[in-house]
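**Q** Mind looking over this structure? Questions follow.
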Amino acid sequence: MVIYQLAREQCNQVWNLIITTSLGQDYKLREQINGSSGSGIDNIAEGFGRGGNKEFITFLVYSRGSCCETKAQLQRCFDRKHIREEVFLELNLKAQNTIDQISKFMNYLKTSDRKGSKYD
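Count the sequence shown with this note's numbering and you get residues 22 to 141, in order.
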């Protein structure tokens, strides 16, 4: 699933920032961005595992919110000089793409005739 792959990539990129930049020493922000990026992928997995499109959409809303939160925290990383502008711009663009893809997938599920695997 593309949205899962995008969220996983975002989570891994955040972890790379934590272990390679001064973000690792900014304990509060480090924990917040690590948590929100992890929540992005975790909510996709949990929603999919529920087996119903309505529940999946609910968890995709949570995932999208977590990705928005990660995006805001990337801004704070840049503002606090943990990352360079080009890194911020690249990760911010990728985060927005993840948000957009989650939204598109939610719209697809809302219009799908299938109700989910638990209804098959």
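From the three backbone atoms N, C-alpha and C, an ideal C-beta is built for every residue, glycine too.
Applying the criterion that 16 or more other CB atoms from any shown protein chain within 10 Å of the CB defines a buried residue, is Gln26 buried or exposed?
**A** exposed
**Q** Specify whether the segment 86 to 93 and the segment 111 to 131 touch according to this definition: at least 3 beta carbon pairs, one from each stretch, less than 8 Å apart.
**A** yes
**Q** From this set, Thr132, Asp47, Asn37 and Gln34, which residue's C-alpha is nearest Lys102's C-alpha?
**A** Asp47
**Q** If we require 4 or more residues per run, which alpha helix (DSSP H) segments fall completely within the segment 101 to 136?
**A** 106 to 132
**Q** What does the Cβ neighbour count give for Gln31, buried or exposed, with the cut at 16 atoms within 10 Å?
**A** Answer is buried; the Cβ neighbour count reaches 16.
**Q** Buried or exposed, going by whether 16 or more other CB atoms sit within 10 Å of the CB of Thr132?
**A** exposed
**Q** Say whether the segment 39 to 59 touches the segment 70 to 78, bearing in mind that this needs 3 or more beta-carbon pairs closer than 8 Å, one atom from each stretch.
**A** no
**Q** Do Leu38 and Val82 have their C-beta atoms closer together than 9 Å?
**A** Against a cut-off of 9 Å, the Cβ pair of Val82 and Leu38 comes out as no contact.
**Q** Does the beta-carbon of Met22 have 16 or more other beta-carbons within 10 angstroms, so that it is buried, or is it exposed?
**A** exposed
**Q** Does DSSP put Gly72 in a helix, a strand or coil?
**A** In the structure shown, Gly72 sits in coil (DSSP, three-state: anything other than H, G, I, E or B).
**Q** Are the CB atoms of Gly137 and Phe80 within a distance shorter than 9 Å?
**A** no
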